[in-house]
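Asker: The sequence shown runs contiguously to residue 543 in this note's numbering.
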Amino acid sequence: MNTVLAAEAGSTTARNLTITLFLVFVAITLAITVWASRQTKTATDFYAGGRSFSGFQNGMAIGGDYMSAASFLGIAGIIALYGYDGFLYSIGFLVAWLVALLLVAELLRNSGRYTMADVLAFRMRQRPVRTAAAVSTITVSIFYLLAQMVGAGALVALLLGIKPGTTFLGMDADTAKVATIIMVGALMIIYVTVGGMKGTTYVQIVKAFLLMGGALAMTLLVLAKYKFNLSSLLGDAASASGKGAAFLEPGLRYGVETPGDALKTFYSKMDLLSLGIALVLGTAGLPHILIRFYTVPTARAARKSVLWAIGIIGTFYLLTLALGFGAAAIVGGQAITEQDKAGNTAAPQLAEALGVDFLGGNLGGATLLAIIAAVAFATILAVVAGLTLASSSSLAHDFYANVMKNGQASERQEVTVARISALVIGTVSIVLSIYAQNLNVAFLVALAFAVAASGNLPAILYSLFWKRFNTSGAVWAIYGGLLAAVVLVFFSPVVSGAPTAMFPDHDWQWFPLSNPGIISIPFGFLCGWLGTILSKESDEEKYAELEVRSLTGAGAH
């Protein structure tokens, strides 16, 4: 009886503590946002933070933008459930930064102004290219937003101790998740509409410090529990996972060998390859990462910010290994899937278990859980703000100002439309997130990467490096890659025909892979090439100007 009362008291304390910490974080970030709104006077302030951030600040903000809920919750969860195969996400996300650094960071900073389309439209007809870029930006951002908001819903159910069959403020677990998704959506709309890029960047810097601190503290506690003996940690993780030695070897989730079914084995191996390609190439096409390069004053600062980002992100992904295997060893696979089928709550559950061990009793567990959960919330809010800003900027700057108004819109009109766009995009994301709650958030982000690499990357690379490239090529590359990725995902086991699908009770799938990248990325490049050679349009002088500009920064805004 006493134990039950103590547990109940602990969970009530955890709730109160979590809600308090979360409210403190929200209050601080809203204060930053209001302060930033007073500094935001021009379109450059709203879209690019007045280009006033240093390389280190922008590196922290890029880290804050990139180390999303998917990284923290999703990767820890996928490692905790699938061991070695989950680690592939960490590797893929990190290697992707080298592609961004070597191919696009500096050239993009020198050539553009506010959005990805500024580079694409520089030597082409404005209207078709900017329309295509706006459609692509919004599609990628919404896929990515889904991941963050699904993570928020799963997190809150854990924090408030809501399991199936229990309630909080009269809400069951499902209603509480929906309420959280709506609340996170409302906050992100406020951050973007009020603070613009300045407010969003400072929120991301604060969040990057918090996330690195939280992940480092938990990693040290996991290692301390095992006296810094990695082999005993991995041994415990393998036995507690219920999968034995297979947990530490490839082939549990990807590249699975199916005896007697060569076709199924082949598809599983292709899915692994497809995931790898999408993760490595996706970063260089993500709109919310690309616009970060415009917030620094020089190309040198853009390079520096990517180097800082690689250092911060690389360290963080090493820490996710300890969190994932630690969760498998200390919490156990069964306890993780009981709370959340997709494993999105593994890291917070690990925090609770470590708190009980190191800080003593349920109150210790409640305290550490509350701190880590507040950090995860901070992560979600910062990333959704960055995504919403990228898509609303593209709608206002590319579609409204340059397509509808033909470049005649005033700065004030443009910023007003960006704020209205943020409201619309936020609302659409909230509605879609409610239907995507069964999916692992790291997996949802991998889909966003595949869509970005299929549509945006071919157009950006061709534009920067191919003299013959023209308007038709850009439009074909973006729409072709985008359509291929979205159609293949729609007809894949992710959406229907599988127990973990978005619509598990329906079955219209015919594409066997969960990740479309292996088909859709080459298809995007092929469409760009085909569109170019079938059109006679060519402007070599404009290409020469873009080349000088991208390499030297001459004439950059």
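In this text, a Cβ means the ideal position worked out from N, Cα and C, and glycines have one as well.
Everything numeric in this text was worked out from a predicted model, so none of it was measured.
Taking just the CA atoms, how far does Ile519 sit from Phe455?
Answerer: Their Cα atoms are separated by approximately 8 Å.
Asker: Check for me: the alpha helix (DSSP H) holding Gln320 runs from which residue to which?
Answerer: That run of the alpha helix (DSSP H) goes 319 to 325.
Asker: Could you give the residue range of the alpha helix (DSSP H) that holds Gly571?
Answerer: What is shown of the chain runs -13 to 543, which leaves residue 571 out entirely.
Asker: If we count the other Cβ atoms within 10 Å of its Cβ and call it buried at 16 or more, is Ala422 buried or exposed?
Answerer: The residue in question, Ala422, is buried, as its Cβ has 16 or more Cβ neighbours within 10 Å.
Asker: Tell me which residue opens and which closes the alpha helix (DSSP H) that Trp494 is part of.
Answerer: It is not in any alpha helix (DSSP H) - Trp494 carries neither H nor E in the DSSP assignment.
Asker: Report the option in Ala140, Gln112, Ala487 whose CA atom is closest to the CA atom of Val389.
Answerer: Measuring from the Cα of Val389, the nearest candidate turns out to be Gln112.
Asker: On the three-state DSSP scale, how would you describe Met53?
Answerer: Residue state, collapsed to three classes: coil.
Asker: With distances taken between CB atoms, is the gap from Gly372 to Met174 smaller than 7 Å?
Answerer: No, these two residues do not count as a Cβ contact at 7 Å.
Asker: Could you check the C-alpha separation between Thr161 and Val534 for me, to the nearest Å?
Answerer: Each residue's Cα considered, the two are about 56 Å apart.
Asker: Would you grab the beta carbon distance between Ser23 and Ser536 for me? Rounded to a whole angstrom, and I think it's under 8 Å.
Answerer: The Cβ separation is near 33 Å, so there is no contact.
Asker: So Arg116 packs on Asp384, CB below 8 Å; how close in whole Å?
Answerer: That belief holds up - the Cβ atoms of Arg116 and Asp384 are roughly 4 Å apart, short of 8 Å.
Asker: So the candidates are Ile124, Asp104, Tyr280, Phe108; which of them puts its Cα closest to the Cα of Ala408?
Answerer: Taking only the C-alpha atoms, the option nearest Ala408 is Ile124.
Asker: Using 7 Å as the threshold, is the C-beta distance between Ser482 and Trp494 below it?
Answerer: Yes, Cβ-Cβ distance for Ser482 and Trp494 is below 7 Å.
Asker: Thinking C-beta only, is Leu219 closer than 7 Å to Gly69?
Answerer: The answer is no: Cβ separation not under 7 Å.
Asker: Start and end of the alpha helix (DSSP H) containing Met390?
Answerer: Premise fails: Met390 is in no alpha helix (DSSP H) and is neither H nor E.
Asker: If you measure between the beta carbons of Ser440 and Ile504, is that distance less than 7 Å?
Answerer: Contact: no.
Asker: Using a Cβ-Cβ distance under 7 Å, would Leu430 count as near chain B?
Answerer: This model lacks chain B altogether; it includes just one protein chain.
Asker: In chain order, what residues of the same chain lie with their CB nearer than 6 Å to the CB of Thr6, ignoring the 5 residues before and after it?
Answerer: Once the five neighbours on either side are set aside, Thr6 has no close Cβ partner at all.
Asker: Have a look at Gly41, Val480, Glu397, Ile296 and flag the residue whose alpha-carbon is nearest the alpha-carbon of Met53.
Answerer: Residue Ile296 is the option with its Cα nearest to Met53.
Asker: Would you kindly work out how many angstroms separate the C-alpha atoms of Ile61 and Ser396, rounded to a whole number?
Answerer: Near 44 Å, if we compare the C-alpha coordinates of Ser396 and Ile61.
Asker: Taking Val142 as the reference, which of Ala118, Phe476, Ile167, Tyr130 has the closest Cα?
Answerer: Of the candidates Ala118, Phe476, Ile167, Tyr130, the one whose C-alpha sits nearest the C-alpha of Val142 is Ile167.
Asker: Roughly how many angstroms separate the alpha carbons of Tyr448 and Leu336, rounded to a whole number?
Answerer: Going from the Cα of Tyr448 to the Cα of Leu336 covers about 45 Å.
Asker: What first and last residue would you give for the alpha helix (DSSP H) that runs through Gly350?
Answerer: Note, Gly350: alpha helix (DSSP H), 347 to 379.
Asker: Can we say the region 256 to 268 touches the region 80 to 95, given the rule of at least three CB pairs closer than 8 Å?
Answerer: Taking 8 Å as the limit for Cβ pairs, the verdict is that the region 80 to 95 does touch the region 256 to 268.
Asker: Return helix, strand or coil for Met110, following the three-state DSSP convention.
Answerer: Three-state result, Met110: coil.
Asker: Note down, in chain order, each residue of its chain lying with its Cβ closer than 6 Å to the Cβ of Ala107, except the 5 sequence neighbours on either side.
Answerer: For Ala107, where only same-chain residues beyond five positions count, the Cβ hits under 6 Å are Val115, Arg116.
Asker: What does Ser482 pair with, by DSSP beta-bridge criteria?
Answerer: Note: Ser482 sits in a beta bridge opposite Phe489.
Asker: Please state whether DSSP places Tyr421 in a helix, a strand or coil.
Answerer: Reduced to three states, the DSSP call for Tyr421 is helix.
Asker: Checking 7 Å against the spacing of the C-beta atoms, do Met102 and Ala194 come in under that value?
Answerer: Not closer than 7 Å, so no.
Asker: From what residue to what residue does the alpha helix (DSSP H) around His383 run?
Answerer: Where His383 is concerned, there is no enclosing alpha helix (DSSP H), given that its DSSP letter is neither H nor E.
Asker: Can you tell me whether Pro490 is buried or exposed, with buried defined as 16 or more other CB within 10 angstroms of its CB?
Answerer: Under this definition Pro490 is an exposed residue.
Asker: If you draw a straight line from the C-alpha of Ala270 to the C-alpha of Arg278, how long is it?
Answerer: Taking the straight line from one Cα to the other gives about 12 Å.
Asker: So, Gly41 versus Ser415, is the Cβ gap smaller than 7 Å?
Answerer: Cβ distance not < 7 Å, so Gly41 and Ser415 don't count as in contact.
Asker: When burial is assigned at 16 or more other CB atoms within 10 Å of the CB, is Lys184 buried or exposed?
Answerer: Classification for Lys184: buried.
Asker: Taking C-beta to C-beta, are Gly510 and Gly459 nearer than 7 Å?
Answerer: Not in contact: Gly510 and Gly459 (Cβ atoms no closer than 7 Å).
Asker: Would you call the CB atoms of Leu59 and Gly319 closer than 7 Å?
Answerer: Cβ distance not < 7 Å, so Leu59 and Gly319 don't count as in contact.
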